[in-house]
Amino acid sequence: MSLPSLMAACAIALLTAAPVLAADCTLSPVAQEGKMVSNQCKSCHVFEADKPSPNTAPNLHDVYGSMAGTRKDFAHYSAAMAAASAKGLIWTDDTLFAYLADPKIMLQTVTGDPSLKHGMFFSLRDPDQRKAVIAFLKAIKDKPACN
């Protein structure tokens, strides 16, 4: 095979593989652990990009980096989450870490109002598990094939 033919074949192979590589859903070991830990959340939440939010809780597939309480297909946000959203709460490493540790305290801190009702009564006390779930949420963000 001549050099120009070989280069053309390589270019075609790369162009053909690009969509597959873009959809890659390889998770780091920490994100893999987070995926396993997040199974506890599936009684209320879903993580698949193509699934609508259930009536119980919002879909978390693209939650990382988004403003709290703004998923359009979920209409049942608590008063505390709506107030946190109004205050501009964005789901980052730090805010998710605090929320997963104690949703009630975190929302009270953000809103300044301990009387507001919140809807999540589950927490992850183990900081390594919280970090792992956050790594998972970051890894699946904007990757429809990942869940």
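The numbers in our numbering rise by one with no breaks, and the one at position 70 of the sequence shown is 124. The beta-carbon is built from N, C-alpha and C at its ideal position, and this holds for glycine as well. Since we're looking at a predicted model, the values are computed, not measured.
(request) Could you pull the start and end residues of the alpha helix (DSSP H) that Gly88 belongs to? (result) 83-91 is the extent of the alpha helix (DSSP H) around Gly88.
(request) Measure the C-alpha to C-alpha separation of Ala134 and Ala122 and round it to an integer number of angstroms. (result) Going by the C-alpha atoms only, they are around 10 Å apart.
(message) Can you list, in chain order, the residues of its chain with a C-beta nearer than 6 Å to that of Asp127? Leave out the 5 residues immediately preceding and following it.
(response) Non-local beta-carbon contacts of Asp127 in its own chain, meaning distances under 6 Å to residues more than five positions away in sequence, involve Pro106, Ser107 in chain order.
(request) Just grab the DSSP bridge partners of Met160 for me. (result) DSSP lists no partner for Met160.
(message) Let's test the definition: count the other Cβ atoms within 10 Å of the Cβ of His99 and tell me whether it reaches 16, buried, or not, exposed.
(response) buried
(request) Within its chain, find whatever has a CB closer than 8 Å to the CB of Ile188; leave out the 5 residues flanking it on each side and keep chain order. (result) Residues Gly88, Tyr118, Asp147, Leu150, Phe151, Leu154 of the same chain have their beta carbon placed closer than 8 Å to that of Ile188, with the five preceding and five following residues left out of the count.
(request) Output the boundary residues of the alpha helix (DSSP H) element that contains Asp182. (result) 181-194
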